Amino acid sequence: MTKISDKNIFTATWSYDKAPESTDHVKIKDQYELFINGDFIKPDKGKYFNTINPADNKVISKIAEASSTDVDKAVLAAKNAFKKWSALSGKERGKYIFRIARLIQERAREFAVIESIDGGKPIRESRDIDIPLAANHFFYYAGWADKLSYAFPNRKVKPIGVAGQIIPWNFPLLMAAWKLAPALATGNTVVLKPAETTPLTALKLAEIIKESGLPDGVVNIVTGAGQTGAALVHHPGIDKIAFTGSTAVGKYIQNAIAGTSKKLTLELGGKGANIIFEDAAIDQAVEGIVNAIFFNQGHVCCAGSRLFVQESVADLVIDKLKHRMNSLLVGDPLDKNTDIGAINSKKQLQTIKAYIKIGLSEGGEIYQPECILPKGGNWCPPTLFLNVSQSHRIVQEEIFGPVLAIQTFRTVDEVIEKANNTPFGLSAGVWTEKGAKIFHLTQKLNAGVVWANTFNKFDASSPFGGYKESGFGREGGLHGLKPYVKFD
Ligand code: NAI
Ligand code: MG
């Protein structure tokens, strides 16, 4: 095996110039209010919290904190709006949803920049992935609104009522789209709670919703932290909760609504296995490993955070991976060359650092490329751990950062057993040129999505969701309509 020199002509002599995305087209207000019954209203208790830019830890805006009284108002608005909205024809509902999709497209550049400023993700990702996929989701479900009888042949379906939707900070606008679009298409009304570190694009979406002419109260957006979310979960006027976030909060919600008639879908954590066989196209697989774990700083529930490499190619793959990691650019989320942006919050950075310490104290061998991290914000270099086994905490627990744990295997059965040895069951990836092997593994891996020779690919028409502690229920595709309807 030839070892790749770290100092080849590219890394030795070339460097990137700065390529900042322009921000002069973006308007961010100093203060944002709650969006209830079609109006922007001040919070009942007059409380506000700051949303921070994780690239410099400076305050961007003050955001209204919804109390339980505000949640009451929002649920009431949604309840009042339900009668008319659910009675509209699917064709009419679809028109509004199409309009929202087109308005997102029109303002895509603005949304992309705000997403990167508020959450720290590279502009390349918010511009090319988050925002287009969010628009795509609204387009896709707009198309279903008048075709529900085809989605559920020979069944008569009805909307459930008022959906309380709680979303995380890793894909703020996209998660709002995943939640809102199917709920609206099926005739439900909504109270949405964005995550406290990334509320801005949801509040911008409120502006678009107002502009679209969507009837007042059909979508209400209440900002705040866990307490606001809990008020929504416990509210007797809510008919369904849809939650994406940590497994701990998912368990809390499941407990809280046990014994009520509320319906529930949970999309929780993961510890995805990414499996590289010796017959895989190795260079593509290395790109796939990078995309699986370093995409969005690893703040991805379906991240390929456990890598399994067949022993015969392990040295080659790891060598190429380290080489590739050396050229990843960590830094300013608004620079178009950036590969890894800012860690979403100080709290999340502490969690990631704590796991890196745990990995070291458990005997893992760490590799981090030498990179100069910017000052002032929350940063973590791409990190991998070798010399770890199934019982290591960094192999078992979700880190939600750019940290990869690498193990090797010899046989197909061995890797299936190792891949399934986790409390989670959200995603997996298989890299091989043998189609039969792909089909065999997709049957055997306990994961809601299994990618073959790719990773982290999303599409509005494709269902997504987990098994075991990764949650239940599906979002996206035809399957994503089901949690929002009841049958006559
Ligand atoms: P979290 O689960 O606390 O936050 C997700 C959402 O739930 C936020 O909107 C939050 O305000 C809300 N929330 C918090 N407590 C609540 C409660 N008692 N009732 C109702 N809603 C509540 O996640 P957090 O603390 O920000 O991150 C901790 C860990 O969770 C991460 O390190 C990561 O491992 C995991 N996580 C997983 C996500 C996923 O997509 N699977 C997304 C976010 C976090
Ligand atoms: Mg923020």
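Under numbering that gives the first Met the number 0, the sequence shown is numbered contiguously, ending at residue 487.
Where is the CB? At the ideal position from N, CA and C, for every residue including glycine.
Since the structure is predicted, the reported quantities are computational estimates derived from the model, not experimental observations.
Runs of the alpha helix (DSSP H) lying entirely within the segment 172-204, each at least 4 residues long, are absent. Exclusion of Cys370 from the 7 angstroms shell around the ligand NAI follows from its C-beta lying no nearer than that to any non-hydrogen atom of the ligand.
The shortest C-alpha to C-alpha distance from Val308 to any of Cys300, Ala302, Leu320, Gly297 is the one to Leu320. With contacts defined by Cβ atoms closer than 8 angstroms, Phe399 and His298 form a contacting pair. Taking every protein chain shown into account, the CB of Glu266 has 16 or more other CB atoms within 10 angstroms, so this residue is buried.
Under the DSSP assignment, Leu333 falls outside any beta strand (DSSP E); it carries neither an H nor an E label. Separation of the CB atoms of Asp69 and Val221 is rounded to 6 angstroms, and the pair is thereby assigned contact status at 8 angstroms. The beta carbon of Lys44 sits no closer than 7 angstroms to any heavy atom of the ligand NAI. Pro401 has its alpha-carbon roughly 10 angstroms from the corresponding atom of Val289. The count of Cβ pairs closer than 8 angstroms, one atom from the segment 338-345 and one from the segment 356-366, stays below three, leaving the stretches out of contact. Using a Cβ distance threshold of 8 angstroms, Pro42 and Leu333 do not count as a contacting pair.
The Cβ atoms of Ile274 and Val387 do not sit closer than 8 angstroms to each other. Our two residues, Pro214 and Val161, have alpha carbons roughly 15 angstroms apart in a direct line. Spatial neighbours of Lys78 in its own chain (CB-CB distance under 6 angstroms, excluding positions within 5 residues in sequence) are listed in chain order as Val161, Gly236. Beta-bridge partners assigned by DSSP to Lys57: Asn52. Counting only the Cα atoms, Leu75 lies some 14 angstroms from Ser66. With respect to the C-alpha of Ala302, the residue from Gly375, Glu206, Ala446 having the closest C-alpha is Ala446. Taking each of Val156, Glu32, Trp84, His233 in turn and checking the Cα distance to Asp71, the smallest one comes out for His233. Short note on Gly476: C-beta not closer than 7 angstroms to any heavy atom of the ligand MG. If you draw a straight line from the Cα of Lys261 to the Cα of Glu369, it comes to about 51 angstroms.
Shown here, Thr421 sits in coil according to DSSP, grouped into three states, outside any helix or strand. Between the segment 178-191 and the segment 148-158 there are three or more C-beta pairs closer than 8 angstroms, enough to call the two in contact. With a threshold of 16 other beta carbon atoms within 10 Å, Phe276 meets it and is buried.
Nearest in C-alpha terms to Gln395, of all of Lys192, Ile357, Val484, is Ile357. Nearest in C-alpha terms to Ser21, of all of Lys44, Arg123, Phe34, is Arg123.
Placement of the Cβ of Val232 at a distance of less than 7 angstroms from at least one heavy atom of the ligand NAI is found. Here Phe457 is near Leu132, since their CB atoms are less than 8 angstroms apart. DSSP lists Val484 as the beta-bridge partner residues of Pro158.
In the structure shown, the three-state DSSP call for Asp278 is coil.
By the beta-carbon neighbour count (other beta carbons within 10 angstroms, threshold 16), His24 is exposed. Ile130 and Ile99 do not touch by the CB rule: their CB atoms are close to 13 angstroms apart, not below 8 angstroms. Tyr47 sits in a strand when the DSSP states are folded into three classes.
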